[in-house]
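Just so it is clear: in the sequence shown, position 31 is 31 by the UniProt record's numbering, and no numbers are missing. Structure first, commentary second.
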Amino acid sequence: MNRIEEIKDFLLTARRKDAKSVKIKKNKNNVKFKVRCSKYLYTLVITDKEKAEKLKQSLPPGDLEEQKALVCSRLV
1 MNRIEEIKDF LLTARRKDAK SVKIKKNKNN VKFKVRCSKY LYTLVITDKE KAEKLKQSLP
61 PGDLEEQKAL VCSRLV
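Following this line, the structure appears as structure tokens:
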């Protein structure tokens, strides 16, 4: 997993031809944007909720999946 520090770099990565999907994972303290490319999974972590919402709106339309972080317990 490769971590991206800048929003601009994440947007460029998300617009690449080999970018397959973008997943958004919301936690209590931060929002993680994960873009799956052909070789690597790139992650951008944002702690500001307003910046995260703006980034979500500026992503290219298409394969956008949103996940909420839930603690799942397995029943055995």
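For each residue, glycine too, the CB sits at the ideal point set by N, CA and C. Just so it is clear, the structure is predicted and the values come from calculations on it, not from any experiment.
Query, Result
"Whole angstroms is fine: what's the gap from Thr43's alpha carbon to Lys54's?", "17 Å"
"CB Ala19 to CB Val35, shorter than 8 Å?", "yes"
"I'd like the span of the alpha helix (DSSP H) that includes Leu41, first residue to last.", "Note, Leu41: premise wrong, no alpha helix (DSSP H); beta strand (DSSP E) at 41–46."
"Tell me the DSSP secondary structure of Leu59 in three-state form.", "coil"
"How many whole angstroms separate the CB atoms of Pro61 and Ala14, which I take to be in contact at a CB cut-off of 8 Å?", "Going by Cβ atoms, the distance from Pro61 to Ala14 rounds to 11 Å, so no, they are not a contact pair."
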